[in-house]
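**Q** The structure that follows is given in the form of structure tokens.
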Amino acid sequence: MTTHGFTLTAEGPFDFADSLRFVEDWPATSALPSDGRALRFAYCAESDWRPIGVSVTAAPGGVAVTTTRAAGPGIRGEVARILSLDVDGAGFAEVGAADPVLGDLQRARPGLRPVCFWSPWEAACWAVIVQRSSMLIASRIKQRIAERHGAQVVVDGRPYPAFPPPVSLVDAGGLGLPVQKEEWLRGLARAALDGVLTTEHLRSLAPEEALAELRGLPGVGPFSAGLILIRGAGVPDAFPGDEPRLFGILREAYGLPEDTAPSAYRRLAETWRPYRSWASFLFRATAY
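With the first letter of the sequence shown counted as 1, position 214 gets the number 214 in the UniProt record's numbering; the numbers rise by one all the way through.
If you want it as structure tokens, here you go:
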């Protein structure tokens with residue numbers, strides 16, 4: 001099989017090995033086969049919704065990427081977004097210097113950047129599937145949907161299922177989910193085909209506008225909207241301000257009282273600009 005290669009260079013600190021460890025530990029991707037050296041996955045590229053296989057390994061100053069089909073600027077940008085290499089991270093350390101609690105986390109895991117879902121569409125589907133379910137069960141259901149409705153792509157000699165594109169789920173049923181969730185997924189598929197659930201669209205809006213638009217989609221509440229924007233579209237500077245689990249992590253880290261108001265967390269996050277998403281990710285990553 002012919003493969004195509006390119007490199008991505010990091011601006012600022014970046015540790016691919018730590019990104020790979022996060023993927024291995026993160027419930028949504030922990031089932032991916034790993035040899036500890038490469039990140040391999042298949043997905044449907046936003047640029048054309050066709051399946052593509054990707055293999056990423058460490059390279060001096062960034063990563064080396066091979067793909068199963070030609071990778072134009074769109075796909076290169078998508079892989080960069082997945083690893084947060086499309087953002088200049090040189091100033092992130094300055095945020096940590098001004099916030100000793102965040103600075104301690106940065107020193108413990110230097111170079112760890114947010115690892116995103118393969119697309120905002122896939123992030124939105126995950127947000128629906130995982131509602132009122134454990135991440136382990138949700139991961140199995142998502143994998144089963146990919147195997148039954150998506151394409152198999154061979155990456156480095158091994159088949160990987162790509163989660164199906166929106167057109168494959170717009171009329172789909174029998175996904176192994178409650179009726180309401182399947183209806184929501186079909187609604188999300190229509191939104192993706194209309195261009196709403198794309199990185200280009202979501203990042204063209206101010207974070208507050210994007211979050212409000214996402215909350216108007218079927219099955220998407222405040223937490224899901226933040227997940228789609230931050231871990232789907234890879235927006236580096238957003239803080240949804242309505243995430244109980246993150247609030248609990250921050251309460252413990254900063255010694256805040258149990259009755260701390262959401263507005264206090266939003267004020268705290270203001271000190272992390274323009275890397276509010278990155279800082280939030282780092283706090284969550286340390287809690288896995």
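Where a beta carbon is used, it is the ideal one built from N, C-alpha and C, also for glycine.
Pull up the CB-CB distance for P218 and G187, whole angstroms please, since I reckon it's below 8 Å.
**A** 3 Å
**Q** How should P100 be labelled, buried or exposed, when 16 other C-beta atoms within 10 angstroms of its C-beta is the threshold for buried?
**A** exposed
**Q** Going by DSSP, name the residue or residues bridged to P152.
**A** One detail in the question is off: residue 152 reads as Gln in this sequence, not Pro. Beta-bridge pairing links Q152 to P161.
**Q** What's the call for L177, buried or exposed, on a 16-neighbour Cβ count within 10 Å?
**A** buried
**Q** Quick one: what does DSSP say L202 is sitting in, helix, strand or coil?
**A** helix
**Q** With distances taken between CB atoms, is the gap from V95 to Y275 smaller than 8 Å?
**A** In this structure, Y275 lies closer than 8 Å to V95 by Cβ.
**Q** Is A172 near Y43, with beta carbons less than 8 Å apart?
**A** no
**Q** Run the CB neighbour count on Q106, radius 10 Å, all protein chains shown included, and call it buried at 16 or more, exposed below.
**A** Its Cβ being crowded by 16 or more others within 10 Å, Q106 is buried.
**Q** Please tell me whether I230 and A287 are closer than 8 Å, where the distance is taken between their beta carbons.
**A** no
**Q** Between which residues of its own chain and A192 is the CB-CB distance below 6 Å, once the five residues before and five after are set aside?
**A** W121 and P166
**Q** Quick check: what's the CA-CA separation for L205 versus G174?
**A** 35 Å
**Q** Going by the DSSP bridge assignment, what does I52 pair with across the sheet?
**A** Bridge partners of I52: Y43.
**Q** For the alpha helix (DSSP H) containing V128, name the first residue and the last one.
**A** First-last of the alpha helix (DSSP H) with V128: P120 to I129.
**Q** By a C-beta neighbour count over all protein chains shown, 10 Å radius and 16 as the cutoff for buried, is A80 buried or exposed?
**A** buried
**Q** Among all the DSSP beta bridges, which residues are the ones paired with T9?
**A** Answer is G62.
**Q** How big is the Cα-Cα spacing for Y265 and D242?
**A** 9 Å
**Q** Are G62 and L39 touching if we call contact CB-CB under 8 Å?
**A** No, the pair does not count as a contact, with Cβ atoms beyond the cut-off.
**Q** Quick one: which unbroken alpha helix (DSSP H) runs of 4-plus residues sit fully inside the UniProt domain "HhH-GPD" (129–288)? Chain order, please.
**A** 135–149, 166–169, 179–193, 199–203, 207–215, 222–227, 244–254, 262–270 and 276–286
**Q** Can you find the residues in the same chain that come closer than 6 Å, C-beta to C-beta, to T66, ignoring five residues on each side of it along the sequence?
**A** Hits under 6 Å: T3, G5 and S55.
**Q** Pick from A98, M135 and P13: whose alpha carbon is nearest that of residue 298?
**A** Outside the displayed span of the chain (1 to 288) sits residue 298, for which this structure offers no information.
**Q** What does DSSP give as the partner residues of T29 in its beta bridges?
**A** The partner list for T29 (beta bridge, DSSP) is empty, contrary to what the question assumes.
**Q** Spell out the partners DSSP gives A38 in its beta bridges.
**A** In the DSSP output, where bridge partners are listed per residue, A38 has T57.
**Q** Quick one: Cα of A124 to Cα of R251, how far?
**A** 28 Å
**Q** Tell me which residues share the same chain as V155 and place their Cβ nearer than 8 Å to its Cβ, disregarding the 5 neighbours each side in the sequence.
**A** R40, F41, A42, G53, V54, S55 and T68
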